[in-house]
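Scroll down for the structure; my scribbles are underneath it.
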Amino acid sequence: PIPAPTALPIPTPLARFPLATSGDVSSSDGAYTCTEIGAPAWSESEGAVHFDGDDCLSCGNDVYQDITGSADRTVCLWVMPDGDGKSPRAVARRAQPRARERAPSDPHALSNARRRATCLTASSSNIAITFGEYGNGKMWNYQFDYDADEEPTPYLLKFIGFLQNWGTGVYLSSSWTHVCGTYDGSTVEMFVDGSSIGSQSLTLNTGTTRNFGIGCRMAYATPDRFFQGYIQDVRLYAEVLSSATTLFSGV
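Taken in order, the sequence shown gives residues 5 to 255; the numbers are from this note's numbering.
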């Protein structure tokens, strides 16, 4: 008989921020502690931190020093955006995903038409994860652009590296989604709920000076482009995880 498959080893993250309980702003091993900017709120029902568009977490720049320059990396989080990204708002009611014209084989029910090769202009930007510094290819940002015309999946997922950007063409709804990005020194690949949504050749030289940010952009002296929605379980790895070992699969 064919032997049972061997479970893949669980990689050790550089840092993991669970963000699951009230005031939980430290990495799981206690090595890093974030500072609250504004007043992020924790939701007991969601087991996550919620940002309302004028707050975020600043976690220092030592968190990511092993994944700067063109180093291999994987950066993942659970995210549920809400709001329009243009002004602070109270915690929004969770929107339920609705059907639209989609390919039934796609686990995210996103049609091929939504996977546009070019970056679309949207009304506003929410940055969920950020590190690096200002300069060509020196940032690592996951951005969610809100576009009301795309309801009920209005959030366009983008990778932003400053002049080394990728629009992905994939739109998400206001429901829990697992997002991972990898870089192998030449190519960024993005995963949504454990499945690859594509890749883009980019020249990154991630900087070292700005703080690691959760819920906003840290490219300048003061944070901006604040995120609206929930974030949970942020993880950084100094290796390229395959789709079989991305955190959506239980790692």
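Beta carbons are placed, not taken as given, at the ideal position from N, Cα and C, and that holds for glycine.
Item, Value
"Per the contact definition of three or more C-beta pairs closer than 8 Å, is the stretch 187-203 in contact with the stretch 212-232?", "no"
"Cβ atoms of Gly-57 and Phe-166: under 7 Å apart, would you say?", "no"
"Alpha carbon to alpha carbon, what distance is there between Asp-66 and Glu-137?", "13 Å"
"Counting C-beta neighbours from all protein chains within 10 Å, is the total for Ala-223 16 or more, i.e. buried, or is it exposed?", "buried"
"Do Leu-18 and Leu-245 come within 7 Å of each other at the CB atom, strictly closer than that value?", "no"
"Between Arg-20 and Thr-37, what straight-line distance do the alpha-carbon atoms span, to the nearest angstrom?", "11 Å"
"Could you check where the beta strand (DSSP E) with Met-194 kicks off and where it finishes?", "191-196"
"Does the distance from the C-beta atom of Leu-176 to that of Val-192 stay below 7 Å?", "no"
"For the beta strand (DSSP E) containing Asn-145, name the first residue and the last one.", "143-150"
"Where does Gln-69 fall in DSSP's three states?", "helix"
"Determine the closest residue to Gly-34 out of Leu-23, Phe-148 and Pro-44, with distance taken between C-alpha atoms.", "Leu-23"
"With a 10 Å radius around its C-beta and 16 neighbouring C-beta atoms as the bar for buried, classify Asn-130 as buried or exposed.", "buried"
"Provide the residue span of the beta strand (DSSP E) that contains Gly-185, from first to last.", "181-187"
"Where Lys-162 and Ser-32 are concerned, what is the direct C-alpha to C-alpha distance, given to the nearest angstrom?", "28 Å"
"Out of Gly-73, Ala-152 and Leu-81, which one is the CA nearest neighbour of Asp-88?", "Ala-152"
"Would Val-183 and Leu-81 be called neighbours here (beta carbons separated by less than 7 Å)?", "yes"
"So Gly-87 is in the beta strand (DSSP E); what residue range does that whole segment cover?", "No beta strand (DSSP E) contains Gly-87, which DSSP labels as neither H nor E."
"I need the boundaries of the beta strand (DSSP E) containing Phe-252, first residue and last residue.", "Note, Phe-252: premise wrong, no beta strand (DSSP E); not H, not E."
"For Gly-136, write down the residues that DSSP places opposite it in a beta bridge.", "Met-143 and Arg-214"
"Which residues does DSSP list as the beta-bridge partners of Val-29?", "Partner(s): none; Val-29 has no beta bridge."
"When we look at the beta-carbon of Gly-173 and count the other beta-carbons within 10 Å, is it buried (16 or more) or exposed?", "buried"
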